[in-house]
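So the structure is just underneath, and the comments pick up after that.
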Amino acid sequence: MKTIEAKELNATELTSKNMYEYGISVIEDRAIPDYRDGLKPVQRRLLRTADDLHAYANTKTIKSARITGDCMGRYSPHADSYGALVTMVNTEYAPIFGQGNWGDLRNDAASSRYTEAKISNVGMKMLECMDVADFVPNYTGEFKEPVIIPTRFPYFFVNSCSGIAVGISCNIPAHNLEEVVGALKALIKKGKDATIKDVVKYIKGPDYCYGGKIISTPEEIKALYENGEGSIRYECEYTIQKDKRNWLLTITGYCPGFSPDTFIKKMMELIDDGVVLYVNDSATKDQTCKLEVMFKNEEDFESKIHKHLIKSQSYRYYAVERTKSTSEEKDIDTKIISTNILELMQKWLDWRREVETKMCIAEKTVYENKCWNAYLRLLASKHINIIMDALKSKSPVDYIAENMPQIKGTKRAIEAAKYICDLKIIAIQQIDQDKMNKDINDYRKHIADLDADINDIDKVVLRELDKLKVFYKPRMLKLE
Numbered sequence: 021m022k023t024i025e026a027k028e029l030n031a032t033e034l035t036s037k038n039m040y041e042y043g044i045s046v047i048e049d050r051a052i053p054d055y056r057d058g059l060k061p062v063q064r065r066l067l068r069t070a071d072d073l074h075a076y077a078n079t080k081t082i083k084s085a086r087i088t089g090d091c092m093g094r095y096s097p098h099a100d101s102y103g104a105l106v107t108m109v110n111t112e113y114a115p116i117f118g119q120g121n122w123g124d125l126r127n128d129a130a131s132s133r134y135t136e137a138k139i140s141n142v143g144m145k146m147l148e149c150m151d152v153a154d155f156v157p158n159y160t161g162e163f164k165e166p167v168i169i170p171t172r173f174p175y176f177f178v179n180s181c182s183g184i185a186v187g188i189s190c191n192i193p194a195h196n197l198e199e200v201v202g203a204l205k206a207l208i209k210k211g212k213d214a215t216i217k218d219v220v221k222y223i224k225g226p227d228y229c230y231g232g233k234i235i236s237t238p239e240e241i242k243a244l245y246e247n248g249e250g251s252i253r254y255e256c257e258y259t260i261q262k263d264k265r266n267w268l269l270t271i272t273g274y275c276p277g278f279s280p281d282t283f284i285k286k287m288m289e290l291i292d293d294g295v296v297l298y299v300n301d302s303a304t305k306d307q308t309c310k311l312e313v314m315f316k317n318e319e320d321f322e323s324k325i326h327k328h329l330i331k332s333q334s335y336r337y338y339a340v341e342r343t344k345s346t347s348e349e350k351d352i353d354t355k356i357i358s359t360n361i362l363e364l365m366q367k368w369l370d371w372r373r374e375v376e377t378k379m380c381i382a383e384k385t386v387y388e389n390k391c392w393n394a395y396l397r398l399l400a401s402k403h404i405n406i407i408m409d410a411l412k413s414k415s416p417v418d419y420i421a422e423n424m425p426q427i428k429g430t431k432r433a434i435e436a437a438k439y440i441c442d443l444k445i446i447a448i449q450q451i452d453q454d455k456m457n458k459d460i461n462d463y464r465k466h467i468a469d470l471d472a473d474i475n476d477i478d479k480v481v482l483r484e485l486d487k488l489k490v491f492y493k494p495r496m497l498k499l500e
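Quick note: the sequence shown uses my numbering, first residue 21, plus one each step.
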């Protein structure tokens, strides 16, 4: 019988070790996005599930419950992921398009059995490079899920994200896509000489789809981007008008951190105090942000109301870097990164160079195979008599490999002979040699272009960034 040696453990040390491992697990699996695709694991799995279901931008929407159900069954067994799907639908640059009642700042989304969804145009852009993605087995081993999505869309930098884990929290502000692309292009052109000044030249500050304005100074904004942490102060957009003997406050833009529900509760308290006459949510489908407050005295605005329109948000840039593990104990290795926006953008661009190089090599391989096969079909059409003689021999493949001009004596002779033998005689007779020559020249031109791209991969990254113009939107969060 095998004896097992008992080991005495200190309860404090064991608790600390287990808490640390749990904390790292939460960070890796739930709290913080990867800086490359900007997605947390559950979001990545939802996008992958929608891809599996072919719920593409040019198809009809499908039940949200179908997406979340399949996601739970295939990739994310811990809990229902509908809350994460709602978040993905309601972001400014949403990777998922939702149809139905998906909620807003004041109202929850309808149940998943009532709403429908599919991948948006942004989501399709994120999935363009899946051919070169790294995959690992899912929790059952039946399916494969991507380590990260090799996206061409800088989702990490345009999407706001917050997460809390054991001993660590991150809060990353959203930004305007046009400004982010401008900064990324500037960093490519500046190379190693790029500084934080090149970033803030284009990125003026966070953006927010519900409006408001930034009241922090440019120096405070720069400090956030340079240090990787800091605070930004915001204010709602509003107007004040005299209304007979009273004053009407109209809020038309909700700044980050502002909650209409909380504000209304505060105003209800001021109604009880006799300061405010009424508060009304006047939002419509066309104007999603509109609150009206009637108050008695002008001086009460500064002393009792205005403070509720100003918010301060603390930010901290954290990200993870997930890679396919070489260990048998786990599928994915995760590295936690805490740095500033400049370094994160430079790392993102380095990764984009790797992905675009892989894409070019993969595409080049496709065109090389097309060119080779076209050349063999052309060769067969020119020497059909050799093929006819080969069919009379005991081994047609060997006969063609030994007698066909341009392939005999080469390393790929047998491979080429097998391909030619698989062609139908009638198809060979119908080959248009002029068209085939043109196709071969076109393939060779594509290959030459791809070689040029591989040798100047920055040009490819810039070209793909330029294609994001179709997703540009005006800045909503005003600058002081």
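We put the CB at the ideal spot given by N, CA and C, even for glycine.
Bear in mind the structure is a predicted one, so any value in this text is a computation, not a measurement.
Assignment of Tyr254 by DSSP, reduced to helix, strand and coil, places it in the strand class. The C-beta distance from Pro280 to Leu125 rounds to 6 Å, short enough to meet the 8 Å contact threshold.
Straight-line spacing of the CA atoms in Phe177 and Ala194 works out to 7 Å. Residue pairing of Leu499 in beta bridges, as defined by DSSP: Ile234. By the criterion of at least three beta-carbon pairs nearer than 8 Å, the region 87-94 is in contact with the region 60-68. In this structure, Pro97 and Tyr159 form a Cβ contact; the two beta carbons are roughly 6 Å apart against a cut-off of 8 Å.
In the three-state reduction of the DSSP assignment, Met314 falls in the strand class. The beta carbon of Glu318 lies closer than 7 Å to those of Trp267 in the same chain, with the five residues before and after it left out. In chain order, Tyr338 place their CB closer than 6 Å to the CB of Ser358, counting only its own chain and leaving out the 5 sequence neighbours on each side. Between Gly231 and Leu499, the C-beta gap is not smaller than 8 Å, which leaves the two residues out of contact. The C-beta of Thr430 has fewer than 16 other C-beta atoms within 10 Å across all chains shown, which makes the residue exposed. Taken in chain order, the complete alpha helix (DSSP H) segments of 4 residues or longer contained in the region 116-160 are 141-146. For Glu289, there is no enclosing beta strand (DSSP E); the residue is found in the alpha helix (DSSP H) stretching over 280-292. Secondary-structure assignment with DSSP links Ser332 through a beta bridge to Arg253. Judged by DSSP secondary structure, Cys309 falls outside any alpha helix (DSSP H); it is assigned neither H nor E. Residue nearest to Asp351 within the set Leu73, Pro166, Arg253, Leu147 is Pro166 (criterion: CA-CA distance).
If the five residues before and after Lys310 are omitted, its C-beta is found closer than 8 Å to the C-beta atoms of Thr270, Ile271, Thr272, Asp301, Ser302, Ala303, Thr304, all from its own chain and listed in chain order. Residue state for Gly103 is assigned as helix, using DSSP reduced to three classes. The beta carbon of Met314 lies closer than 6 Å to those of Asn266, Leu268, Leu297, Tyr298 in the same chain, with the five residues before and after it left out. Residues Ile116, Gly118, Trp122 of the same chain have their beta carbon placed closer than 6 Å to that of Val109, with the five preceding and five following residues left out of the count. Ranked by Cα distance from Gln449, the first of Asp151, Glu33, Ala206, Arg397 is Arg397.
Its chain contains Val417 as the residues whose beta carbon lies nearer than 8 Å to that of Lys438, once the 5 sequence neighbours on both sides are disregarded; these appear in chain order. Shown here, Val295 sits in coil according to DSSP, grouped into three states, outside any helix or strand. Taking Ile434 as reference, the option from Ala421, Ile446, Gln426, Cys441 with the minimal CA-CA separation is Ala421. Taking the C-beta atoms as reference points, Ala77 is found no nearer than 8 Å to Asn179. Remark: C-beta atoms of Ala75 and Ser132 do not approach each other more closely than 8 Å. For Gly273, the three-state secondary structure derived from DSSP is strand. In summary, Pro170 is buried, with 16 or more beta-carbon neighbours lying within 10 Å of its beta-carbon over all protein chains present. Excluding five sequence positions before and after Tyr395, the CB atoms of its chain that fall closer than 7 Å to its own CB belong to Ile460, given in chain order. The alpha-carbon separation between Asp478 and Ile208 amounts to approximately 7 Å.
Straight-line spacing of the CA atoms in Glu136 and Ile168 works out to 25 Å.
Nearest to Met424 by alpha-carbon distance, out of Lys444, Tyr492, Ser401, is Ser401. Note that the region 213-220 touches the region 234-248; at least 3 beta-carbon pairs, one per stretch, sit closer than 8 Å. Between Leu204 and Leu485, the C-beta gap is smaller than 8 Å, which places the two residues in contact. Rounded to whole angstroms, Asp151 and Asp72 show a C-alpha spacing of 14 Å.
Looking at the DSSP output, Asn266 bridges to Asp263.
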